[in-house]
Amino acid sequence: MKAVRIREYGGLEVLKWEDADVPTPRPHQVLIKVESSGVNYADIMRRQGNYPGPDLPATLGLEAAGIIEEIGADVSSSLKIGQRVMGMGPQGNAEYVAINANLVFPYPENVDPQIAGGMPIVFLTLIISLEAEARYNRATLY
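Just so we're aligned, residue -9 is where the sequence shown starts under the working numbering, counting upward by one.
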């Protein structure tokens, strides 16, 4: 498979489209054939060396959308092989990614995969913000 990788920190010139091994899903993970993946600020900071992450060389990407190709052991959810999903996990900027099943969600058929690939972190940010606002409002009401 191919993946967007970096071997050093820097600008756009350090991004390389390289051969990489297809990951094997560990227990509690699913293997996704990636149709699209997001690029967010954490990815940019990681490329620049300003964000924690795995040692170099590294595959970038924290979110992706695609089709489940394999389900690892101990996945006890309704996820199925062939299902279109989006998820959050490292190394999403590759043709395949293994992501923890509890961070993978099906998305509606009418959503374009190109949109779904950039949605997981936006959704997480929204949920955290709404929960924080609800706690704040509850605290100020009583």
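Backbone N, C-alpha and C define an ideal beta-carbon position, used for all residues, glycine too. Every value quoted in this text rests on a predicted model; they were computed, and no experiment measured them.
Item to complete: Over the uninterrupted alpha helix (DSSP H) stretch that includes P103, give me the two end residues.
Response: 103 to 106
Practice prompt. Take I71 as the anchor and find which of E60, V65, D64, M78 has the nearest alpha-carbon.
Written response: E60
Fill in: Contact under 7 Å by Cβ, I58 with I89
no
Worksheet item: Can you list the beta strand (DSSP E) stretches of 3 or more residues lying completely in the segment 72 to 107, in chain order?
Response: 74 to 78, 86 to 90, 94 to 96
Discussion item. Let me check understanding here. Comparing Cα to Cα, which of P15, R74, S119, D64 lies closest to V98?
Written reply: A quick correction: the sequence has Pro, not Val, at residue 98. Per the Cα distances, R74.
Worksheet item: Within this structure, are the beta carbons of G51 and S27 separated by less than 7 Å?
Response: Yes, the Cβ-Cβ distance between G51 and S27 is below 7 Å.
Worksheet item: Closest by CA to A32, which one among E123, P17, V65, T49?
Response: T49
Discussion item. Can you find the residues in the same chain that come closer than 7 Å, C-beta to C-beta, to I111, ignoring five residues on each side of it along the sequence?
Written reply: G28, N30, L52, E53, M78
Worksheet item: Which residues does DSSP pair with I117 in a beta bridge?
Response: Answer by DSSP bridge pairing: none, since I117 is not bridged.
Item to complete: Use the C-beta contact count for G107: other C-beta atoms within 10 angstroms, 16 or more gives buried, fewer gives exposed.
Response: buried
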